[in-house]
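J.: Okay, so the sequence shown: first residue is 360 according to the numbering used here, each after it adds one.
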Amino acid sequence: MPEIPAEPYPFAFSLADTALVIIDMQRDFVEPGGFGETLGNDVEQLRGVIPPLATVLQTAREAGLFVIHTREGHLPDLSDCPPAKLQRGNPSLRIGDPGPNGRILIRGEKGHDIIDELTPVPGEPVIDKPGKGAFYATDFGAILAAHGISKLVVTGVTTEVCVHTTVREANDRGFECLVLSDCVGSYFADFQRVGLDMIRAQGGIFGWVAPSTAFLSALQNLTPSPVL
Ligand code: C5J
């Protein structure tokens, strides 16, 4: 089985059992005027993730790896948004308020959608999730099961929130997770560093961490299985 050099030790994977997961690469998090910025964050902190992630996505598609995207957001009537989430903090705009890219974090709005650089193609499921974790109140787990997936290569934003929550949920469900260090991003440099440390610490308590170059090299050495 091919291996990716990773910390705390090599990550073994195959095309058949592994999915590339791209978490919440939405305008609302990485472009001005969205949810991330209304919370007081500098979206430029996340934009460095886009070029390496676009390369990973393209290479994964060429290799025939299963790709799945997620989006955090809510129904237009906010019936799936807990009041605690809606009312927390002191943002300049709340979830559901009109912003420059439509209503903040609402499904169907421009700001809620995935950025142009990473637009999903047909065959790549897009999971709409009301929470931080991809498994909560979605069919993410059922789709992975239907495709025989047991290993996740995790990318997207933000490292310490939706990436961490999804990796933790995945661990409790028996998945092995490799997080690509330059393809996940945080608004906070300290959270990025510590968030990655927390995954690979204690012998890989939540999983493995590697740079995207290690994953790309491993993928490029594989050839897709013939379709029977
Ligand atoms: C946040 C996310 N940070 N996708 N969402 O609220 O990480």
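Cβ coordinates follow ideal geometry from the N, Cα and C atoms, glycine included.
Could you say which of C536, E519 and R453 lies nearest to G553 if we only look at CA atoms?
T.: Residue numbering aside, residue 553 sits at position 194 when the sequence shown is read from its first letter. This sequence places Val at residue 553; Gly is not what is there. Among C536, E519 and R453, the Cα nearest to that of V553 is on E519.
J.: Three or more C-beta pairs under 8 Å: does that hold for the segment 360-380 against the segment 561-579?
T.: A contact exists between the segment 360-380 and the segment 561-579.
J.: Hey, I486 and T429 are a contact pair by Cβ (cut 8 Å); roughly how many whole angstroms apart?
T.: Your numbering for residue 486 matches position 127 in the sequence shown. Your numbering for residue 429 matches position 70 in the sequence shown. Contact holds; Cβ gap of about 4 Å.
J.: Measuring straight from C-alpha to C-alpha, what distance separates A504 and Q561?
T.: Within the sequence shown, the letter at position 145 stands for residue 504. Within the sequence shown, the letter at position 202 stands for residue 561. Between A504 and Q561, the C-alpha separation is close to 28 Å.
J.: Is any heavy atom in the ligand C5J found nearer than 6 Å to the beta carbon of E403?
T.: Position 44 of the sequence shown, counting from 1, holds the residue named residue 403. No, Cβ of E403 sits at least 6 Å from all heavy atoms of the ligand C5J.
J.: Using beta-carbon positions only, say whether L412 and C542 come within less than 7 Å of one another.
T.: If you number the sequence shown from 1, residue 412 lands on position 53. If you number the sequence shown from 1, residue 542 lands on position 183. With contacts defined by Cβ atoms closer than 7 Å, L412 and C542 form a contacting pair.
J.: Taking the DSSP output, what are the residues bridged to V568?
T.: To locate residue 568, count along the sequence shown from 1; it is residue 209. V568 is bridged to E366 and V538.
J.: Quick check: the segment 458-469 against the segment 403-410, are there 3 or more CB pairs under 8 Å?
T.: no
J.: Please give the ranges of any beta strand (DSSP E) in the segment 376-447, keeping only runs that are unbroken, at least 3 residues long and fully inside the region.
T.: Scanning the segment 376-447 for uninterrupted beta strand (DSSP E) segments of 3 residues or longer gives 377-382 and 425-431, listed from N- to C-terminal end.
J.: I'd like the list of long-range same chain contacts for S451, defined as Cβ closer than 7 Å, with 5 residues on each side in sequence excluded.
T.: Within the sequence shown, residue 451 is the residue found at index 92, counting from 1. Excluding positions up to five away in sequence, the list reads T397.
J.: Taking a contact to mean a Cβ-Cβ separation below 7 Å, would you say L511 touches A529 in this structure?
T.: Reading the sequence shown from its first residue, position 152 is the one you call residue 511. Reading the sequence shown from its first residue, position 170 is the one you call residue 529. Result yes, Cβ atoms of L511 and A529 sit closer than 7 Å.
J.: Work out the CA separation of V538 and F370 for me, nearest whole Å.
T.: Here residue 370 refers to the residue found at position 11 when the sequence shown is read from its first residue. Here residue 538 refers to the residue found at position 179 when the sequence shown is read from its first residue. So the two alpha carbons sit approximately 10 Å from each other.
J.: Got a sec? Which residues, its chain only, sit under 7 Å from L434 by beta carbon, not counting five neighbours each side?
T.: The sequence position of residue 434 within the sequence shown is 75, counting from 1. Excluding sequence neighbours, L434 sits near R466.
J.: Should L445 go down as buried or exposed, given a rule of 16 or more other Cβ atoms within 10 Å for buried?
T.: Looking up residue 445 in the sequence shown gives position 86. L445 comes out exposed.
J.: Check the DSSP bridge columns for P457 and list the partner residues they point to.
T.: For the purposes of this step, residue 457 is identified with residue 98 of the sequence shown, where counting begins at 1. As DSSP reads the structure, P457 sits in a beta bridge with R462.
J.: Let's test the definition: count the other Cβ atoms within 10 Å of the Cβ of P442 and tell me whether it reaches 16, buried, or not, exposed.
T.: The count along the sequence shown starts at 1 and reaches residue 442 at position 83. Around the Cβ of P442, a 10 Å sphere holds fewer than 16 other Cβ atoms; the residue is exposed.
J.: Is it the case that the Cβ atoms of G448 and L437 are separated by a distance below 7 Å?
T.: As a working mapping, residue 448 is identified with position 89 in the sequence shown. As a working mapping, residue 437 is identified with position 78 in the sequence shown. Result no, Cβ atoms of G448 and L437 do not sit closer than 7 Å.
J.: Which runs of the beta strand (DSSP E) spanning at least 3 residues fall entirely within the segment 454-523, listed in chain order?
T.: 485-488 and 510-516
J.: Which of the three DSSP states is assigned to G563 in this structure?
T.: By 1-based counting over the sequence shown, the position of residue 563 is 204. Looking at G563 - three-state DSSP - the assignment turns out to be helix.
J.: Please tell me whether S545 and T524 are closer than 7 Å, where the distance is taken between their beta carbons.
T.: Reading the sequence shown from its first residue, position 186 is the one you call residue 545. Reading the sequence shown from its first residue, position 165 is the one you call residue 524. Taking 7 Å as the Cβ cut-off, S545 and T524 do not qualify as a contacting pair.
J.: Taking 7 Å as the cut-off, decide whether the C-beta atoms of L379 and A419 are in contact.
T.: Along the sequence shown, read from residue 1 onward, the residue named residue 379 stands at position 20. Along the sequence shown, read from residue 1 onward, the residue named residue 419 stands at position 60. Yes, the Cβ-Cβ distance between L379 and A419 is below 7 Å.
J.: Please confirm whether V426 and E483 have their CB atoms less than 7 Å apart.
T.: Position 67 of the sequence shown, counted from the first residue, corresponds to residue 426. Position 124 of the sequence shown, counted from the first residue, corresponds to residue 483. Yes, the pair counts as a contact, with Cβ atoms nearer than the cut-off.
J.: Helix, strand or coil for G533? Go by DSSP, reduced to three states.
T.: As a first step, residue 533 must be located in the sequence shown, where it is residue number 174. Secondary structure at G533: coil, using DSSP grouped into helix, strand and coil.
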